[in-house]
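Here the structure comes first, spelled out in structure tokens, and everything after it is commentary.
Chains as they are written, first to last, in my numbering: chain A, 38 to 462; chain B, 38 to 462.
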């Protein structure tokens, strides 16, 4: 039987989950996949954590050369997170001819071309199923199940923290700040929640998935990003009246050109993504031949993400030569491949004073910038004689919308543009 | 560049779709996967169809030896459907060392061990992603993304015809017979709809998916099967009142023992499978580490199913040796692996005469057989003084339920047991 040594860089949450699966399922994997996978070294300074996991202290150290110089170790799994020392250690391992498996979306999305180059020069593999949407096998789906398709669009709920917060705001009417605090208490959100709530985490995944799907590198600076911290329960409720569910989506499209963005979106209630609740994730992909596909599951957690790492380890161990994707030949980012601006439908809430003729004035301003209106809801005035008007537009460009809103803000009687949320079908 | 010759056995709907993808995407696949795939022979007697598809008549014949004797043809895709001549032609191709890709669920579920044996003896590959749920890559997910999991259950909407019929019955209140006629007119159902509406098609897929997931052969005769032809709009509507959506599911579970069944099921509205509408399919899988996953997409059609065939062709072409699954060593079916009977919650509609004490009598009969009741809805009497009582039970065994119903049918005042539908969480 083929025997393959594995090393783990870090045994925090996902590293620990991976250790647990690889040890508990060792016989099971031998039986089913015909490969004996042994964890031969663990790079970790927290020896208490290693003891908790029952790791033999003889295989624990803080010296990467215990891994790079061991010829029996063929595969290295990285769980440090962040850029350094993850990046440097991965490079050292690749240079030693080890295949690398990583769940590190930030480091990977920022350094993919460099890592790929080094992997190729050293005949090493580079696998990253766990970097996007935890246990959901979306990377495999894109690379091994959709080869006969031009992927035309990706829409993903790829961040559990924000989906938990938005689901609670929607189901229970609790405000953003309270939901965030609860998410932190439950361990769904970090003490510094920026990476999740401001859409950075979703942006990293958007970059990786889009690059793989469109076979062209989609770097972070080509992705428009907006988080959920400005979202009000009020707008979620008006959205419900209109038949919409609010989600933070990573969206990218690849028709003539590529556009990529991360922002809150109103989706029709009937859209399969609308029923993805709580900390679950899902990615909705359209291929020109297969049509719409959706992949749903847990996007985070020790065992779900560990499960994705283990699938990559077994895949890597089974291959005689590393898996390559042709798109990676395209190292340069070509500005001409990307849309300069995107088009969307919009939900706009404008607060106005309760004076006659105000709806006509605002409507005229939209018309002036060719923003065509699909639906309007005018609500009763509140105590202070201010009232919200909600507009849902037809497809228009972001720049037309922004120009119209600037104009509208100058109208006498308009208090503020209180909310702007994009609408997708 | 690696060059691989492919032959197509039949170019009907899916065969035609596959031909179209392989020819239109030939350059695209060369670029991305580094393999030049050429359709070198088509076995088809309908030359008009071949002309429609623009197939060069020089590569069309009805002689299988034009394929088996051509050393440049490495992969054969079978689209005949049915058992013969599909089975015999596949065996001839495997014996000639060709890898075989098939979408033929009936033939495959019935003959898998034999075909696998011959494939192994001749160092040929055997691929069947397209046999289950068309374009949805559920086979790949089970084999290449869940290796670190014991798969514990599968619940699938795996038949588009029945899902279309049940969706329409539910959304529009149209009766079964009318929906079936419309499905036939739209080409969603065959003139003889038995394979779909009586659950045979779902049973074939249940066998293939369960065998693969549980690494033990689950033959057709171990699968309980019940179709949708007895379903009444009335019960779908009562189910709605209870918060349920009706679906035809292929269900299998693998805790202590394996149980497998195909029948209509009431699912809670919040279950992700409940929002899978119309001709879409979805498979909900639970792994002990990854938790719940769902795979959603088009389960039929020329291009979606062709897309799955093409992914198998590319996978087969890229491998230097055929892919094997350890479970297939288990050729014998062991009765001890299977549950003798299954447990479920039940929805029961009983028609009774409007006489006093009838509810108590029926309830007592359930109690006698240890069937515990979770909810009861008693409706007003109709004109003829008969009325429906709906019971939803807690978990109970099928045999207890059947015994209770037999008893209940004998109660004076009970007109009939009008509906029995299983309920899943």
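Note that the Cβ used here is the ideal one computed from N, Cα and C, for glycine as well.
Based on DSSP bridge pairs, tell me the residues matched to residue i.
i                     : result
residue 331 (chain A) : A:321 and B:333
residue 139 (chain A) : A:115
residue 446 (chain A) : None, per the DSSP bridge assignment.
residue 289 (chain B) : B:191 and B:297
residue 454 (chain B) : B:387
residue 375 (chain A) : A:295
residue 44 (chain B)  : B:78 and B:113
residue 283 (chain A) : A:303
residue 434 (chain A) : A:380
Can you tell me where the beta strand (DSSP E) holding residue i begins and where it ends?
i                     : result
residue 423 (chain B) : 423-430
residue 381 (chain B) : 380-390
residue 298 (chain B) : 295-305
residue 413 (chain A) : 410-415
residue 260 (chain B) : 260-262
Which residue from the options puts its Cα closest to that of residue i?
i                     : options                       : result
residue 253 (chain A) : A:398, A:374, A:442 and A:60  : A:374
residue 346 (chain B) : A:353, A:154 and A:326        : A:326
residue 401 (chain A) : A:421, A:42, A:354 and A:441  : A:441
residue 50 (chain B)  : B:282, B:290, B:289 and B:86  : B:86
residue 411 (chain B) : B:423, B:405 and B:427        : B:427
residue 298 (chain B) : B:331, B:270, B:277 and B:238 : B:238
residue 274 (chain B) : B:204, B:310 and B:328        : B:204
residue 378 (chain A) : A:127, A:112 and A:290        : A:290
residue 270 (chain B) : B:39, B:357 and B:283         : B:283
residue 197 (chain A) : A:186, A:320 and A:111        : A:320
residue 103 (chain A) : A:171, A:81 and A:120         : A:81
residue 362 (chain B) : B:73, B:92 and B:157          : B:157
residue 160 (chain A) : A:356, A:183 and A:328        : A:356
residue 338 (chain A) : A:47, A:39, A:38 and A:52     : A:52
residue 111 (chain A) : A:93, A:124, A:78 and A:123   : A:78
residue 123 (chain B) : B:148, B:107, B:108 and B:106 : B:148
residue 369 (chain A) : A:201, A:447, A:182 and A:248 : A:248
residue 408 (chain A) : A:421, A:438, A:202 and A:294 : A:438
residue 447 (chain A) : A:214, A:414 and A:387        : A:387
residue 115 (chain B) : B:166, B:66, B:94 and B:108   : B:166
residue 392 (chain B) : B:380, B:371, B:406 and B:425 : B:425
residue 234 (chain B) : B:429, B:200, B:152 and B:99  : B:200
residue 277 (chain A) : A:185, A:422 and A:429        : A:429
If I'm right that residue i touches residue j with Cβ under 8 Å, what's the distance once you round it to whole angstroms?
i                     : j                     : result
residue 280 (chain B) : residue 306 (chain B) : 5 Å
residue 304 (chain B) : residue 193 (chain B) : The Cβ separation is near 12 Å, so there is no contact.
residue 138 (chain A) : residue 350 (chain A) : 6 Å
residue 317 (chain A) : residue 334 (chain A) : 7 Å
residue 83 (chain B)  : residue 117 (chain B) : Their Cβ separation, rounded to whole angstroms, is 12 Å, which puts residue 83 (chain B) and residue 117 (chain B) out of contact at 8 Å.
residue 113 (chain B) : residue 44 (chain B)  : 5 Å
residue 155 (chain A) : residue 135 (chain A) : Not a contact, Cβ separation roughly 11 Å.
residue 170 (chain B) : residue 242 (chain B) : 7 Å
residue 162 (chain A) : residue 360 (chain A) : 6 Å
residue 383 (chain A) : residue 459 (chain A) : 6 Å
residue 146 (chain B) : residue 244 (chain B) : 4 Å
residue 328 (chain B) : residue 341 (chain A) : 6 Å
residue 191 (chain B) : residue 322 (chain B) : 5 Å
residue 354 (chain B) : residue 74 (chain B)  : 6 Å
residue 120 (chain A) : residue 48 (chain A)  : The pair is not a contact, with the Cβ atoms about 20 Å apart (cut-off 8 Å).
residue 211 (chain B) : residue 251 (chain B) : Not really, about 38 Å apart at Cβ, beyond 8 Å.
residue 302 (chain B) : residue 385 (chain B) : The Cβ separation is near 14 Å, so there is no contact.
residue 435 (chain B) : residue 381 (chain B) : 7 Å
Please list the terminal residues of the continuous alpha helix (DSSP H) segment that includes residue i.
i                     : result
residue 270 (chain B) : 270-278
residue 61 (chain B)  : 50-61
residue 223 (chain B) : Here residue 223 (chain B) belongs to no alpha helix (DSSP H), and DSSP marks it neither H nor E.
residue 124 (chain B) : 123-132
residue 347 (chain A) : 339-355
residue 518 (chain B) : Lying before the first or after the last residue shown, residue 518 (chain B) is absent from chain B, which here runs from 38 to 462.
residue 403 (chain A) : 395-405
residue 233 (chain A) : 231-234
residue 248 (chain B) : 237-251
With a threshold of 8 Å (Cβ to nearest heavy atom), would residue i be considered close to the ligand COA?
i                     : result
residue 203 (chain B) : The ligand COA is not among the ligands present in this structure, which contains no ligands whatsoever.
Uninterrupted alpha helix (DSSP H) stretches inside the stretch 66-112 of chain A (no shorter than 4 residues):
Qualifying alpha helix (DSSP H) stretches, in chain order: 84-89 and 102-105.
Write down every uninterrupted run of the beta strand (DSSP E) in the stretch 161-213 of chain B whose length is 3 residues or greater and which is fully enclosed by it, in chain order.
Counting only runs of 3 or more, we get 188-194.
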